[in-house]
Ligand SMILES: NC(=O)c1ccc[n+]([C@@H]2O[C@H](COP(=O)([O-])OP(=O)(O)OC[C@H]3O[C@@H](n4cnc5c(N)ncnc54)[C@H](O)[C@@H]3O)[C@@H](O)[C@H]2O)c1
């Protein structure tokens, strides 16, 4: 797959941004929309007026709204960036498509495969681009991993192991989507989209069946889980295993291991790759020094000293936005298609269903079935366990 980022062409794409809280303020950061060359922020939207007003000033937008429909009426707006909770992705994508606007939708694409299908249909009918914000595919180090695998450096890759934790033990009580029953999932819904998408992309192979186990450990996590383990059996015979939790005392741990029959690649971030431009170290272990004495080669794509250039090149959110705007302008299919976003949701749904059914779940998943009911029962059990009425 081509990992090159499309160079934007033509006048900048007019953007509206819906949702002005955690992801936008702390991860995209104020600089990203200001550095963007292929697009310009016309407006921001949040139902919380104070947040919308502050984000407007911080991100350098021209105007702010509390109503998404109002932003869509603006002729200067050509595309919507959705950084709202997952339960809004379907209605807001459908509304944007009907207004003739392209969409860059934050992960997970939606809560269920059915919602994804309706989003895809609406965008196809309207002839607008729908891209899913799996920004890890735009991260320099993760692209390097893909290049090494494609180049055959690891030989035949048979496994990917991922662990991505955050020391956020009170998450769920913070008023964000994570503790809200409408999310239809917890930590795996939040991080699983990225982890499973990375594995499918690196292995160049979708999942064919999924196994999952979830737990609510923290006091506040009643709506869904804060600890999850999922195993994906991929179509090409490889396996990927994913672990994620907020119930850790170790700060911001993110690591992946890619295992091939000629080498093992360890990807270790000192801090979440979402939170820092500092690249994760890429250590390549091979057998050059003999069976029990692996040679270790550092293949990390390190940062340079030119801070302005690095702020652009190492910023996966900026690269993703440039790519989206370029695709809109050139009428090209984006690197992360709606079908890829849908597959990540399919995997998330399947892992949950596997936990609730106590068995592997085969893909393709025809429907998300009893998921809403399962989570309703899950919440009741958690409430009882904690003595809530
Ligand atoms: N790619 C990443 O690195 C990354 C990181 C974090 C979150 N996310 C994703 O981004 C999305 C938002 O996450 P977050 O952490 O910013 O959530 P959040 O709960 O912190 O913020 C969501 C914001 O949306 C606003 N909102 C609610 N309803 C709205 C509506 N109808 N119209 C406009 N705004 C509305 C809320 O008031 C809030 O300010 C989620 O899909 C999440 O999975 C992505």
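Numbering (our numbering), first residue to last: 2 to 390.
Think of the CB as a built atom: it goes at the ideal place given N, C-alpha and C, for glycine as much as any other residue.
Looking at the structure shown, is residue i part of a helix, part of a strand, or coil, going by DSSP?
| i | result |
| --- | --- |
| residue 103 | strand |
| residue 273 | coil |
| residue 447 | It is not possible to answer for residue 447, since the shown part of the chain is limited to 2 through 390. |
| residue 184 | helix |
| residue 257 | strand |
| residue 211 | strand |
| residue 379 | helix |
| residue 348 | helix |
| residue 336 | coil |
| residue 235 | strand |
| residue 192 | helix |
| residue 387 | coil |
| residue 218 | coil |
| residue 245 | strand |
| residue 308 | helix |
| residue 224 | coil |
| residue 6 | Unreliable positioning characterises residue 6 in this predicted model, as indicated by a pLDDT of 49, which lies under 50. A coordinate reading is not provided. |
| residue 330 | helix |
Just the C-alpha distance for residue i and residue j, rounded to the nearest angstrom, thanks.
| i | j | result |
| --- | --- | --- |
| residue 212 | residue 243 | 10 Å |
| residue 59 | residue 318 | 17 Å |
| residue 62 | residue 41 | 8 Å |
| residue 190 | residue 179 | 9 Å |
| residue 25 | residue 67 | 16 Å |
| residue 279 | residue 310 | 14 Å |
| residue 356 | residue 137 | 27 Å |
| residue 381 | residue 125 | 39 Å |
| residue 247 | residue 342 | 23 Å |
| residue 55 | residue 157 | 50 Å |
| residue 88 | residue 347 | 15 Å |
| residue 201 | residue 71 | 38 Å |
| residue 34 | residue 18 | 10 Å |
| residue 171 | residue 330 | 42 Å |
| residue 118 | residue 111 | 10 Å |
| residue 108 | residue 262 | 32 Å |
| residue 229 | residue 29 | 26 Å |
| residue 203 | residue 373 | 31 Å |
| residue 16 | residue 47 | 14 Å |
| residue 185 | residue 294 | 47 Å |
| residue 289 | residue 325 | 42 Å |
| residue 13 | residue 208 | 37 Å |
| residue 315 | residue 277 | 9 Å |
| residue 103 | residue 206 | 28 Å |
| residue 306 | residue 313 | 13 Å |
| residue 299 | residue 255 | 18 Å |
| residue 235 | residue 241 | 8 Å |
| residue 253 | residue 282 | 15 Å |
| residue 188 | residue 140 | 22 Å |
| residue 1 | residue 90 | Residue 1 lies beyond the range of the chain shown here (2 to 390); nothing can be said about it. |
| residue 2 | residue 354 | Caution is warranted here: a pLDDT of 39 is assigned to residue 2, below 50, making its placement in the model unreliable, and the coordinate value is therefore given only provisionally. Those two C-alpha atoms are separated by around 31 Å. |
| residue 175 | residue 22 | 12 Å |
| residue 64 | residue 74 | 13 Å |
| residue 422 | residue 150 | No answer is possible for residue 422: the residues shown for the chain start at 2 and end at 390. |
| residue 79 | residue 336 | 20 Å |
In the DSSP output, which residue or residues are listed as bridge partners for residue i?
| i | result |
| --- | --- |
| residue 360 | Paired residues: none, contrary to the question. |
| residue 286 | 265 and 297 |
| residue 324 | None; residue 324 has no bridge partner. |
| residue 201 | Residue 201 is not bridged to any residue. |
| residue 174 | Answer is none; residue 174 lacks a bridge partner. |
| residue 229 | 215 and 245 |
| residue 14 | 40 |
Are any of the Cβ atoms in chain D nearer than 8 Å to that of residue i?
| i | result |
| --- | --- |
| residue 121 | Of the protein chains in the structure, only one exists, and it is not chain D. |
For this session: Just list the beta strand (DSSP E) runs in the region 16 to 103, keeping only unbroken ones of 3 residues or longer that don't cross its boundaries, in chain order.
Result: You should have 40 to 46, 64 to 66 and 80 to 83.
Problem set entry | alpha helix (DSSP H) segments (min. 4 residues) lying fully within the region 104 to 166 | Qualifying alpha helix (DSSP H) stretches, in chain order: 114 to 127 and 141 to 151.
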